[in-house]
Amino acid sequence: MSIKLEQLHKSYGSDPIVRNVSLEVNTGELFVLLGASGSGKSTLLRLIAGLITPDSGRVFLNDRDVTYLPTQKRGTGFVFQNYSLFRHMTVGENIGFGLSIRRVGQSERTDRVNELLQLIGLAGYGDRFPAQLSGGQQQRVALARALAYQPNVLLLDEPFGALDVKIRAQLRQSLRDIQQKLGVTAILVTHDQEEAFDIADRIGVIERGELLEVGTPSDLYQRPQNLFTATFLGTANLLTGRRNGSTVYVGDARLPAPPHTDHLRGQPVQLVCRPEELTLFTSRENAEGEVIGGGVVDSISFAGHLIRVNVLLQGQGDSPRILQALLTPSDARDLALHDGQQVWVSVRDYHLLPQTEIPSGAVSS
Amino acid sequence: MREISPRSPVAIVLIIVVVAYAGLLFIAPLVAILQGAFADGLEPVLAVFTDPRVQHAFQVTLILSLIATAINAVFGLIAAWVLVRGKFRGKKLFDALVDIPFVFSPVIAGYALIVLFGRDGWLAPPIFSIVFALPGILLAKVFVSVPFVIREVQPVLDALTPEQEEAAYTIGATRFTTFRRVILPEIWTALLYGIVLTFARAIGEFGAVSVVSGNIEGYTETATSFVFRALNDRNDVGGYSVSVVLCLISLVILVLMSFLRGRIVRRGN
Amino acid sequence: MTGLPLSYDVGSVKRTQSPTYGVWGLRFVALSYLVLFIVVPLVVIQVQGVRYGLDVFWQSVVRPEALSAITLSVYTSAIMAVINTVAGTLTAYVLVRYKFPGKRLFNTLIDLPFAIPTLVIGVMLVVLYGPQTAIGKFFTSELNFRILFATPGIVMALLFVGYPFVIRTVQPVLLQMDASQSEAAQTIGAGAWTTFRRIIFPAIRPAIVTGALLSFARSLGEFGSVIVVAGNIPMRSQTATVYIYTQVEAGNMQAASSVSMVLLLIAFSITVGVDLLQWRRHA
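Residue numbers (the working numbering), protein chains in the order written: chain A, 181 to 545; chain B, 48 to 316; chain C, 1482 to 1764.
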């Protein structure tokens, strides 16, 4: 079941919440809609489910125009952030609800419910009530309930938002496994970038109602086409420069232009590089790779398995910029890093974006 | 606030004062009426209930109260739904109106019925008479007990988030099925409580009924109007006996109310 | 995955979720019901009251019997409201705060006035305090204080009828109250009375006012118990509701309408006021 959205638009009063969003999701794909709170992602999901009707635009499920079809007839499975299990029904009754509505016989229903309980790892829990389950267990039941009647598409609205970090990681892997096993097309909405990277086939970045960019996780991370995407997905170091010929001029440095950036020839650009792509050296002579420039260590902080180093880059013309680098502890030790130390910064992988008015430096959302 | 055992003398005095006040107000009169009814022994009391007029009066009361309760249960539920979920202009005004029957003197209600349906009334129907007949009593009973179901169901409905319903819709349930299987189970305790209150009010209604029914003995006399007439006729035993039965009915209703309220509180936690 | 059919279709869902027709249908039913049973009687009384002109209306209201009846109703209801406010607040506090034997039974009995027919309330009071009983005789002869068939009797009946209101509005607020506030006050050094006066009371004040107003409005319209208990002597012990009743029985529709309108106006403004206080409503 593929999903196609054509110029979907929805406003509340004079506030546009979803602005002319067009999107195609392939059959069997796990598509993640990634955006901050208020970006319109939940509204978009509800438009697909039919819980809200759009002001304009169309929704197609498997080439069938369902824009004005009521929710009940769309054949979607929806998982809510706060589970929304029916409190007065047992786990088994919750899961079997969709089947009982479709007049599936008692014994067939029981079989299917047990099958699903197995699938979600809660075999034997059929007679319990939602209040007796933990958050993670309730969410699994909600998933089973949505899958019970074999929907064409699975829609998940920040399903793990209310859960602990560890549970979240486990559950999203289970979700991925189940989704792949059943081959059901799924759209998951989240603000958690880590979650998106972990399980998405493709990600759509949405901000203020607009679908900014769609791509695989690595494409979006390494070659973002949009400044918002660059800064939303992890930290981005931004430097202003100019692309001429096949070179990028950043401050005093000259770097080879990365591939696929010919369209920016002769224009001012933003150089985007991720903190983990930066390497620090204690002297100019030792510096290898493409050197951006020299600077002074501004701060060092501990980030679990890595060390985060902020470097005040000098010689940038108008004002110094702070760059963020991520080093392994051993590298940091080798350099004997300390505040105020003079270092040189080189970069391995980087990308170019058209320049906008955003101040540069290390930017993350 | 946390519940503690009373230790200080002030606490004990407070408890005693409070209980004594209630005792004086309720218990004493209850005991007194039991005494008054059985003052001449058991037989006169039993004789009262074999009187066909008394039996008819009870019949009228119970049947009409049941019908009134049924009407208010169904329409009250719908009204509560519309008032909680609907968005339309003037909704707040309608909501405020629901409290009117609480404070609308029943005599005035009965009078309004006469103005509308009496002999020279605005809407006097040609075929069957409403005032001085059972339909008038029914209308009076419905009017005075309108708010109970609505006010009991409203807060519970309001507390339900729409997501359970949305979940049911996405699964494929029609609005009616969703109401029947998802919403109703959540509100049925409050609904039942409202129904019990409605029934109690309908049975006990006297003011409107006495104005409207003409108290035609054996025809439009209700249990309460029987008591009134009995007292005026100095038929003390008759009046007291029927009062005692009405009290007993009330006590049963009270126990039901208490049971249901306990369930409402527990579910709320 | 198994041998189950490939897809479960909802099949023929006969009823489409068309948000317009169904919703407006329900709305129509609900609003008609409310209009029919609440607005119509209200309108009827108002129209009837001013039907023959405002001066006729005014005259029938200021007739001595009418004025006296209205005054008596307001006066007795006010006394009742004051007494029951104090008693009710204390009772609510005791019920929430303390454990004592028979508490559950007591909590149940509080609703008795909601369940008992008002007429029966009047009968019970007559049986207990009537002039032929020991108590009645005692008060009449020794203290020259007639209970029944006089104002005190009316107040007693109203006390019974209005008893639960303040209790049931204050109780939930107290139950919901956070213990930590009073505990904080205690650590600072406040005694029980101070804690009550400055921490608890301000929190329950809106509920108390609401309960008091409701009991007042309810008592204004009370009929069943009053007609049994009061002497029904015009200008002396006849309340407004009984006055209306006798006027209707006598066929004096204008008099009945006018006083009805006055009572209604008072009651209506109270309920609207309570609703504006926005206490009872789903927040």
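Glycine residues also receive a C-beta, built at the ideal position from the N, C-alpha and C atoms.
Pull up the DSSP beta-bridge partners for A/Gly474, would you.
A/Trp524
Since A/Thr420 contacts A/Val212 with CB under 8 Å, what's their CB separation in whole angstroms?
Going by Cβ atoms, the distance from A/Thr420 to A/Val212 rounds to 31 Å, so no, they are not a contact pair.
With DSSP run on the structure shown, which of helix, strand or coil describes A/Tyr329?
coil
If you draw a straight line from the C-alpha of A/Arg382 to the C-alpha of A/Leu299, how long is it?
25 Å
Within 10 angstroms of the Cβ of A/Glu209, are there 16 or more other Cβ atoms? Answer buried if so, exposed if not.
buried
Over what stretch of residues does the beta strand (DSSP E) that includes A/Ser236 continue unbroken?
Ser236 to Leu241
Please return the same chain residues whose Cβ sits closer than 7 Å to the Cβ of A/Gly315, not counting the five positions on each side in sequence.
Ala342 and Leu343
Show which residues of chain A have a CB atom less than 8 Å away from the CB atom of B/Thr221.
Gln252
Buried or exposed: where does B/Pro232 fall if 16 or more other Cβ atoms within 10 Å of its Cβ makes it buried?
exposed
My parser needs the alpha helix (DSSP H) runs of 4 or more residues fully inside the segment 257 to 300 of chain A; what are they?
271 to 281 and 286 to 299
Which chain B residues are close to A/Phe266, counting only those with a beta carbon under 7 Å from its beta carbon?
Gln211 and Val229
Using the beta-carbon of each residue, which ones in chain A are nearer than 7 Å to B/Pro232?
His268
Is there contact here, the segment 267 to 274 of chain A with the segment 295 to 312 of chain A, by at least three beta-carbon pairs under 8 Å?
yes
When the distance is taken between beta carbons, is A/Gly255 closer than 9 Å to A/Leu335?
no
Output needed for C/Val1604: all residues of its chain with C-beta closer than 7 Å, excluding positions within five of it in sequence on either side, in chain order.
Val1709
Could you check what DSSP says for C/Pro1683 in three-state terms: helix, strand or coil?
helix
What would DSSP say about A/Thr508, mapped onto helix, strand or coil?
coil
Hey, A/Asn461 and A/Val525: beta-carbon distance below 9 Å or not?
In the sequence as presented, Asn is not what sits at residue 461 of chain A; that position holds Phe. Yes, these two residues count as a Cβ contact at 9 Å.
With respect to the alpha helix (DSSP H) encompassing A/Thr247, which residues constitute its N-terminal and C-terminal limits?
Unbroken run through A/Thr247: none, as it is neither H nor E.
Straight-line CA distance for B/Ile59 to C/Phe1581?
9 Å
Please classify C/Glu1664 as buried or exposed, where buried requires at least 16 neighbouring CB atoms within 10 angstroms.
exposed
Just verifying my parser: in three-state terms, what is the DSSP assignment at C/Tyr1489?
Confidence in C/Tyr1489 is poor, its pLDDT being 46 and thus under 50, which makes the residue's placement too unreliable to answer from.
Less than 9 Å between CB atoms is the rule here; does B/Asn316 satisfy it with respect to chain A?
With a pLDDT of 46 at B/Asn316, under the threshold of 50, the modelled position of that residue is not reliable, and the figure given next carries that caveat. Answer no: the Cβ-Cβ gap between B/Asn316 and chain A never drops below 9 Å.
Where are the alpha helix (DSSP H) runs, 4 residues long or more, that stay fully inside the segment 173 to 247 of chain B, in chain order?
181 to 191, 193 to 206, 209 to 218 and 222 to 225
Give a yes or no on whether the minimum CB-CB distance between B/Ala214 and chain A is below 9 Å.
yes
Does chain B have any CB closer than 9 Å to the CB of C/Val1658?
Note that residue 1658 of chain C is Met in the sequence shown here, rather than Val. Yes, C/Met1658 counts as interfacial toward chain B.
Partner residues on chain B for C/Ser1663, Cβ-Cβ distance less than 9 Å:
Met48 and Arg49
What does the Cβ neighbour count give for A/Glu338, buried or exposed, with the cut at 16 atoms within 10 Å?
buried
Tell me the DSSP secondary structure of A/Val364 in three-state form.
coil
Considering only C-alpha positions, which residue in the set A/Ser202, A/Asp399 and A/Gly475 is nearest to A/Lys190?
A/Ser202
With distances taken from CA atoms, which of A/Lys346, A/Ala229 and A/Leu532 is nearest A/Val452?
A/Leu532
Exposed or buried, which one is C/Asn1565 when buried takes at least 16 other CB atoms within 10 Å?
buried
C/Leu1600 and C/Ser1750 closer than 9 Å at C-beta
no
Please report whether the beta-carbon of C/Ala1631 lies at a distance below 9 Å from any beta-carbon of chain B.
no
Taking three-plus beta-carbon pairs below 8 Å as touching, is the segment 1506 to 1520 of chain C in contact with the segment 131 to 147 of chain B?
yes
Hey, would you say A/Gln317 sits closer than 9 Å to A/Val259, going by beta carbons?
no
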